[in-house]
Amino acid sequence: MTTSGGWLARALRSGNFLIGAALSGTLALTALVSLFWTPKSATAISIPHRLTQPSGEFPLGTDHFGRDVLSMLMVGAQNSILVGVVAVGIGATLGIALGALASARRGWVEEVVMRLTDFSFAFPAILSAIMLTAILGPGTVNSIIAIGIFNIPLFARVTRGSANAIWAREFILAARAAGKGAFRITLEHVLPNIASVLIVQATIQFALAILAEAGLSYLGLGTQPPQPSWGRMLNEAQTMMFLAPRLAVFPGIAIALAVLGLNLLGDGLRDLFDPKLARKR
Amino acid sequence: MALLEVRDLSVEIATSRGTGFAVRGLNFALERGQTLGIVGESGCGKSMTALALMRLVPENARIGGAILFDGEDLAQADEARLCQIRGNRIAMIFQEPMTSLNPVHTIGRQIAEPLMMHRGLDAASARAEAIRLLDRVGIPEARRRVDSWPHQLSGGQRQRAMIAMALSCGPDILLADEPTTALDVTIQRQILTLIGDLVRDSGMSLILISHDLGVIAETVDSTVVMYGGMAVESGPTARVFAGLAHPYTQGLFAARPQLGQGAGKRLATIAGVVPDLVDLPAGCAFAGRCRLAVQACRVAPPAPQDLGLGHSAACLRLDAAREPAA
Amino acid sequence: MLLWTAIHGSHGIAAAIPREPIAVQIAAGAGVSVFLFRRFLTFLGTLVGASVVVFLVLEVLPGDPALIMLGTEAQADTLAALRKKLGLERPPLERYFDWIGGLVTGSLGMSHTYSVPVANLILERLQVTVPLAAMAITLSTALALALGLYAAARHNRPGDYGVMAFAQLGIAIPGFWFAILLVLLFAVVLGWFSAGGFPGWGDGFWPGFKSLILPASALALAQAAILSRVTRSSVLEVMREDYVRTARAKGLTRRRTLIRHVLRNALIPVVTIMGLQLSNLLTGTIIIESVFHLPGLGRLVFQAISQRDLPVVKDVVVLFAAMVVAINFLVDMLYAAIDPRLRLHDD
Ligand SMILES: Nc1ncnc2c1ncn2[C@@H]1O[C@H](COP(=O)(O)OP(=O)(O)OP(=O)(O)O)[C@@H](O)[C@H]1O
Ligand SMILES: [Mg+2]
Chain A
5 MTTSGGWLAR
15 ALRSGNFLIG
25 AALSGTLALT
35 ALVSLFWTPK
45 SATAISIPHR
55 LTQPSGEFPL
65 GTDHFGRDVL
75 SMLMVGAQNS
85 ILVGVVAVGI
95 GATLGIALGA
105 LASARRGWVE
115 EVVMRLTDFS
125 FAFPAILSAI
135 MLTAILGPGT
145 VNSIIAIGIF
155 NIPLFARVTR
165 GSANAIWARE
175 FILAARAAGK
185 GAFRITLEHV
195 LPNIASVLIV
205 QATIQFALAI
215 LAEAGLSYLG
225 LGTQPPQPSW
235 GRMLNEAQTM
245 MFLAPRLAVF
255 PGIAIALAVL
265 GLNLLGDGLR
275 DLFDPKLARK
285 R
Chain B
39 MALLEVRDLS
49 VEIATSRGTG
59 FAVRGLNFAL
69 ERGQTLGIVG
79 ESGCGKSMTA
89 LALMRLVPEN
99 ARIGGAILFD
109 GEDLAQADEA
119 RLCQIRGNRI
129 AMIFQEPMTS
139 LNPVHTIGRQ
149 IAEPLMMHRG
159 LDAASARAEA
169 IRLLDRVGIP
179 EARRRVDSWP
189 HQLSGGQRQR
199 AMIAMALSCG
209 PDILLADEPT
219 TALDVTIQRQ
229 ILTLIGDLVR
239 DSGMSLILIS
249 HDLGVIAETV
259 DSTVVMYGGM
269 AVESGPTARV
279 FAGLAHPYTQ
289 GLFAARPQLG
299 QGAGKRLATI
309 AGVVPDLVDL
319 PAGCAFAGRC
329 RLAVQACRVA
339 PPAPQDLGLG
349 HSAACLRLDA
359 AREPAA
Chain C
25 MLLWTAIHGS
35 HGIAAAIPRE
45 PIAVQIAAGA
55 GVSVFLFRRF
65 LTFLGTLVGA
75 SVVVFLVLEV
85 LPGDPALIML
95 GTEAQADTLA
105 ALRKKLGLER
115 PPLERYFDWI
125 GGLVTGSLGM
135 SHTYSVPVAN
145 LILERLQVTV
155 PLAAMAITLS
165 TALALALGLY
175 AAARHNRPGD
185 YGVMAFAQLG
195 IAIPGFWFAI
205 LLVLLFAVVL
215 GWFSAGGFPG
225 WGDGFWPGFK
235 SLILPASALA
245 LAQAAILSRV
255 TRSSVLEVMR
265 EDYVRTARAK
275 GLTRRRTLIR
285 HVLRNALIPV
295 VTIMGLQLSN
305 LLTGTIIIES
315 VFHLPGLGRL
325 VFQAISQRDL
335 PVVKDVVVLF
345 AAMVVAINFL
355 VDMLYAAIDP
365 RLRLHDD
């Protein structure tokens, strides 16, 4: 294997990584900017301006309440990122803890954790969200919880799988011989060594969380108006499909680009972390 | 005319670090019913040579030269023609019996496949023939074993099944690429005996590839010693082993493990490693490891020197090599 | 939510997920009957567990389900009446076993809003959801295998890059947006299909089938994208196997080798991912049925939530969970069919 140049040089040559980073960066930047500034208000209703075509004033036109579509899309990015970050955060924290525990303890602990994750596959995010909504009502928080819960077993599995491989290595033996406990070994040796796998996993789960959030908002189970969300915008656009089909186009493009960007970033990171795998493919 | 004549065969491989020759300037001939051995260290291009004869080199490899089989140049043949020849007139068995059989088909089906394809047999007669072949290669209870899955057989049995598959269409040439390397010593002997018997009975030609000089010395009529993708010495087996003209052949001979060798005695080894194909030296490939190498050796690959009676060696220092090492 | 496994599976991180127990079984030299028996026990256990979770979340955690169904402004006597009707005065354990008994014998509860047996509702809705899912599965699998094989055969050539680009896009595009675009194109612009609705199977096969074509295509997209990636990398992997070289050495053409020796082996990881994905496809019907206003199971549960019809939500959610679990069990059995190393043998 020849690796001319370091990590950065390889990153600059990886198409996946560059496109992914650019798209994800744009997403993050858009959300950040929209916190302080949007071209127009994303929530103010203006009936005289309803359903105007794209123009200098409204670059992407307005919806049936006269709201500026571009501003709504920008603020919608906040929502996607919020749900993604918190849901993946929940899933990663609990999932990594469970997975690392299973790997450090083995035996019945591992068995129980793994059977629990098996079992949780019976409840895809939508089903959990439906149950939560049925008793708590719809809302951003509930969709975050549903997606977060769904993420836990995924992180638990990946963590345990990669951690088990690390536990079998010699330097762990050395650490044990030095009298370090399982908890310390996990923190000092196991987790740092599987960090790259987990980062890739988190990137991809982030993308999936954005997709899931959009689906729930579309169904009306997620983020509620007037807070703009991409899924909700598509729902409303569908009722206007004959009058203003363009409304059904922009939010979809926003979702697809965000998801595409994060997936490409994940692929790119994996190739960078694991050049062997990249060459094999 | 020889059954198989290989002229100036080369295999050029494109790797991520540039291209290089896994095989170059290789010449040999094989008469009908004759046996030929190719011997050399790991990585010297033995398998690549065999795969080139079948035109089954990896996608990143290119073949040069001529492979005259029954007067037809296989190096120029198209894919359809090659499919008629492979498994039918030239058959091959591989080093790894554990992975060379498809795990999702019964061995009977895998043996029957070439029969149905090349001989046009129907399923029932192909199966009957598969049972006969399994019996011939010494698998007990062939009638029952024909329906076994590969994972139900031991390594030796799998290699027997591979041999049955290769023999199925009665090929003119059998290519055996290290057929016993992956097997237990006791099984190795059985398989070699089996191959020897089959070759004698059927009158087919054999190309046996091995890195084991002992196997080569006992089994084949003529021998090619390869190093760095080239033939460094070749000729009738008896002459090659009697002469040991090339310094590399000498080293290989000294390095072979021997039965009954005293436990205290260390095995001789050839110092250094096989050069990588991408940066093969301009001159003799062995020069870097050769105790007799002089400046001239590093300039251009030496031409084969005729030693009489079909024996030749490609070395500029044959005279020096003839003297016993200090 | 739709694609996590495939994305990983296709790169091998999670590909080992359901296969691990198999490997353990092989190592132990156990026959397939033991393997399937253990999987069957897991299957039953998961079903029971899923029902407990559904029951806990929908009947025990909320405290008073009747209050949720009627809202806080409900009259005390209406609340009491509903509690009585739902049998809420009895202890939870008893209610759970009653419910399970009903599920097993097919006598489910009554829908609160429709005042009809939930079983009837479900049966009626299954006539939409099952054909829809079946069409989507067939379409996506056929498409994925064709694309995956094609890409592998054209490895590192334009055809391969084309399929990979399609896969990346197919994974990134939300199914319901693709559904809306399909409606825009084929219903609004071209007028070939109606924008939604389902005429029922009463008028014969074609009208019902036709109304499911766009929804099934929308459902199939993500699935096909993921599976074509998995198929491609799996085929490429298998093409490096020694037995493929053996097949070529026997004189098989490239094409025949691909079909007879590569495909079946390559299917093993594909089936793994397919099993995991099918559950996502199944729950994907919930969104897609909403886009097309199809009176299916997904639409039923969705409406039941807005009407706070907890008996319906409970039964349908448990049915979805059961279908997901059952599909994964069926996939395990499919393994045994594909891979003889898992099949029962006498020695
Ligand atoms: N697919 C490939 N791509 C690049 N180089 C290759 C490839 N296959 C083989 N080589 C190289 O070609 C050379 C010859 O390999 P070959 O397999 O013929 O050796 P061999 O003599 O059969 O060795 P062994 O005894 O280990 O089987 C080696 O240097 C090897 O590294
Ligand atoms: Mg070899």
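Chains as they are written, first to last, in the numbering used here: chain A, 5 to 285; chain B, 39 to 364; chain C, 25 to 371. The beta-carbon is built from N, C-alpha and C at its ideal position, and this holds for glycine as well.
- Distance from the Cα of A/I176 is smallest, within the candidate group A/G165, A/V79, A/F246 and A/T190, for A/T190.
- In summary, C/S164 is buried, with 16 or more beta-carbon neighbours lying within 10 Å of its beta-carbon over all protein chains present.
- If the five residues before and after A/S124 are omitted, its C-beta is found closer than 6 Å to the C-beta atoms of P157, all from its own chain and listed in chain order.
- Residue environment: C/T129 is assigned as exposed (fewer than 16 neighbouring CB atoms within 10 Å of its CB, all protein chains considered).
- Beta-bridge annotation (DSSP): B/L246 is paired with B/G75 and B/A214.
- Check the Cα spacing between A/P43 and each of A/S132, A/A15, A/L64 and A/T163: the tightest is with A/L64.
- Below the 7 Å Cβ cutoff, chain C contributes K274 as neighbours of B/E151, in chain order.
- Here B/P340 really is in contact with B/L354; their C-beta atoms are around 5 Å apart, less than 8 Å.
- When secondary structure is reduced to three states using DSSP, B/L89 falls in the helix class.
- At least one CB of chain C lies nearer than 8 Å to the CB of A/L131.
- Rounded to whole angstroms, C/A170 and C/M298 show a C-alpha spacing of 15 Å.
- The C-beta of A/G256 comes closer than 8 Å to at least one C-beta of chain C.
- At least one C-beta of chain C is nearer than 8 Å to the C-beta of A/L215.
- Note on geometry: alpha-carbon atoms of A/E61 and A/T243 lie some 25 Å from one another.
- Residue burial is scored here from C-beta neighbours: C/Y185 has fewer than 16 other C-beta atoms within 10 angstroms and is therefore classed as exposed.
- Taking C-alpha positions only, C/I161 is separated from C/L324 by approximately 21 Å.
- Between ligand 2 and B/D185, a heavy atom-to-CB distance of less than 7 Å is absent.
- Nearest Cα to C/A176 within the set C/V78, C/T270 and C/S258: C/S258.
- From the beta-carbon of C/R181, no residue of chain B is found nearer than 7 Å; the closest lies around 11 Å away.
- In this chain, B/E167 is not harboured by any beta strand (DSSP E); it is covered by the alpha helix (DSSP H) spanning A161 to R174.
- Boundaries of the alpha helix (DSSP H) around C/S303: L287 to V315.
- Out of B/L172, B/A166, B/R127 and B/M136, the CA that lies nearest to the CA of B/H156 is found in B/R127.
- Within chain C, E265, D266 and Y267 have C-beta atoms less than 8 Å from the C-beta of B/T137, given in sequence order.
- Boundaries of the alpha helix (DSSP H) harbouring C/D356: L334 to I362, taken from the DSSP string.
- Of the heavy atoms belonging to ligand 1, at least one sits nearer than 7 Å to the Cβ of B/T53.
- A distance below 8 Å separates the beta carbons of A/V263 and C/A196.
- With a cut-off of 8 Å on Cβ pairs, the stretch 219–238 of chain A is in contact with the stretch 132–145 of chain A, counting three or more such pairs.
- Put simply, of C/V207, C/L68 and C/G95 the residue whose alpha carbon is nearest the alpha carbon of C/G215 is C/V207.
- By the neighbour-count definition (other C-beta atoms within 10 Å, threshold 16), C/Q99 is an exposed residue.
- Using beta-carbon distances, B/Q197 does not count as an interface residue toward chain C, since no partner is under 8 Å.
- Among the residues facing chain A, C/Q327 is not included, as its CB has no counterpart in that chain under 8 Å away.
- Cβ contact annotation for B/A164 (same chain, cutoff 6 Å, sequence separation greater than five): A150, L153 and M154, in chain order.
- Separation of B/G75 and B/V258 (C-alpha to C-alpha, rounded to the nearest whole angstrom) is 6 Å.
- The secondary-structure analysis by DSSP pairs B/A269 across a beta bridge with B/M264.
- If you draw a straight line from the Cα of A/V145 to the Cα of A/L36, it is about 21 Å long.
- Close CB contacts of A/P128 within its chain, under the 8 Å cut and outside five residues either way in sequence, are with F154 (chain order).
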